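Remarks on the structure that follows.
Residue numbers (our numbering): 447 to 921.
Encoded structure:
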């Protein structure tokens, strides 16, 4: 296996084929893991996807497909045109593709020329008609179909403790109108934590993956965890993903496109950090960004809004990747607003609408167990927060999923989930509230900024967009 980690020799695929034929499951699994960890480059992912599909290796196929959809704009067009039309349409017609519409049309225009010149071209096939639909202005995908776009699932990280055992971190999600456990960190705790509580660890999601980052074994011990672990929702497998360039806990951890930003927090010798480390998750290369304007010892409320990283300490600050600069936002609270604690900063995710440029602020009411919602435009350099609504409970964890705001709280093992929408930029419409009891869940995870994020539903990896004339494409 060591040979194939360093040398991407495609003879490994012959060995993979042989392992499938001879039913050598361990060899198949080892090769699959090696390919997932070391071979997923822009030049290889299409080849890996088609070979895995031919060999019937569903997990490897799905991981490679997810990589193709995530990095579509970086795949050379000649590589894409080597696919047959069916596989090409699985990519460009996917609900999960990450691609600007203009670039998608450029690629599809070249594809239309390429496939129409082939000897077996059939202009009446539904695949070719769907390809031509993409080229029609505007992009002719049915706007009312829920298939058109990734199916995101909202997650919150908490603790669970069963039968007197030490509490361990656990990721829960709201899926199909049910709040349930997605995955716990038992395997990570067994390998890394050594039976000691880890402080300041951050858990964050992106696409079909969950990342576990940093933390310190025992507060003030100096025993920091520097391995970033990635949990793949498509394979239900943990992978050692990267090593931190410096120790951190209680930092801001956020994705902007394909880059993971780790800002501030506490490092060795209990020093507050102003540094920002940036990991390109495609190349695995680390770089640094501009230092934060105000240090912190506990993870502050933060969010990514309109491609900018926002956090609050004594002021609101925004980081602009294009200029590598922090801006202090002089946003004031209304005079009649008592401030006890800002729980959440939120922004619309994955929704190209005007609300995507608004920052929403969840503030704990000092007199009543409820959360008050405010907002301000993300590009506003100075001004006041706009009051929106009072919620029925105190919700320390909140996140947008499309235009729906999910708010989570936990008391005595009972989890409450409130749902509401913003059909207008500053009008909150209550939709409903659910309550469920989960054995062993610990409310302390809800009170800390441990992790609240969206991932793509792994069951939707093959979901196709619906076209107006031809319906949802099926393969």
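Quick reminder that beta carbons are idealized off the backbone N, C-alpha and C, glycines included. On a predicted model such as this, the values are computed, not experimentally measured, just so you know.
- By the CB criterion at 7 Å, residue 756 and residue 805 fall inside the cutoff.
- Residue pairing by DSSP places residue 734 opposite 723 in a beta bridge.
- In terms of Cβ geometry, residue 695 and residue 661 form a close pair [threshold 7 Å].
- DSSP places residue 850 in the strand class (E or B) of the three-state scheme.
- About 3 Å separates the beta carbons of residue 891 and residue 604, which is inside the 8 Å limit, making them a contact pair.
- Judged by DSSP in its simplified three-state form, residue 507 adopts helix.
- With a cutoff of 7 Å on beta-carbon distance, residue 629 and residue 901 are scored as not near each other.
- As DSSP reads the structure, residue 909 sits in no beta bridge.
- Residue nearest to residue 489 within the set 747, 885, 518, 869 is 518 (criterion: CA-CA distance).
- Residue range 572-581 is occupied by the alpha helix (DSSP H) that includes residue 578.
- Here residue 774 is bridged, per DSSP, to 763.
- For the pair residue 620 and residue 492, the Cα-to-Cα distance works out to about 32 Å.
- C-alpha of residue 631 to C-alpha of residue 648: approximately 12 Å in a straight line.
- Segment contact: the stretch 754-772 against the stretch 811-820, fewer than three CB-CB distances shorter than 8 Å; contact not assigned.
- Per the C-alpha coordinates, the member of 864, 529, 462 positioned closest to residue 502 is 462.
- Look at residue 485 here: in three-state DSSP terms it is coil, with no helix or strand label.
- Counting of Cβ neighbours within 10 angstroms places residue 834 among the buried residues, the total reaching 16 or more.
- The beta carbon of residue 481 is closer than 7 Å to those of 494, 506 in its chain, skipping five residues each way along the sequence.
- Secondary structure at residue 855: strand, using DSSP grouped into helix, strand and coil.
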